[in-house]
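Q:
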Amino acid sequence: MEHLDDNAASEFVSGALPPSALGKVEGHLASCRECRALVAALAADSGDDSNAATVRHDRFTASQVGELPRRTLSIGDRVGRYLVLSSLGA
C-alpha cells in the first residue's frame with residue numbers, strides 16, 4: 003500500500019473510513035512511521051468533540067416561551083452571580 007493521502011488519514015482519524023479500507027490502513031500504519039506521524043498530527047488538531055457531553059436545552063417549547071412571566075430587571079437586581087449595573091436598549 004502507498005502512503006496515506008490526506009483524505010484517507012482524515013477519514014481514519016474521524017472514524018469515517020469504510021470498513022473495507024480499515025484493515026489496509028491499519029496494516030500500513032503499523033509499518034509506516036511517516037503515516038503514523040500524519041495521523042497523530044491530524045488527531046491532535048482535529049478538535050473532535052464527539053466525546054463531549056450533549057446538553058439538551060429543550061425545557062420549554064416555542065409556544066411555552068411566550069407564556070413565561072416577564073419581569074423587567076432593575077439596576078441592582080441579581081441574576082445568579084450577575085449584578086445588573088445599567089439598562090441597555092429601549
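Take the position in the sequence shown, starting the count at 1, then add 2; the result is the number in my numbering. Even glycine gets a Cβ: it sits at the ideal position worked out from N, Cα and C.
Take alanine 11 and list the residues in its own chain whose beta-carbon comes closer than 6 Å to its own, dropping the five residues that flank it on each side.
A: When the five nearest sequence neighbours on each side are left out, the beta carbons in the same chain lying within less than 6 Å of the beta carbon of alanine 11 are those of Leu40, Val41, Leu44, in order along the chain.
Q: Helix, strand or coil: how does DSSP classify valine 81 here?
A: strand
Q: How many Å lie between arginine 38 and serine 16 at the Cα?
A: 15 Å
Q: Relative to the C-alpha of cysteine 34, which residue among Pro21, Leu6, Leu75, Ser88 is closest?
A: Leu6
Q: Please work out which residues of its chain come closer than 7 Å, Cβ to Cβ, to arginine 83, disregarding the five sequence neighbours upstream and downstream, and give them in chain order.
A: none
Q: What first and last residue would you give for the alpha helix (DSSP H) that runs through glycine 29?
A: 21–33
Q: Check whether the Cβ atoms of glutamate 13 and leucine 19 lie closer than 7 Å to each other.
A: Yes, the pair counts as a contact, with Cβ atoms nearer than the cut-off.
Q: To which residues of the same chain is lysine 26 closer than 7 Å at the C-beta, ignoring the five residues directly before and after it?
A: Met3
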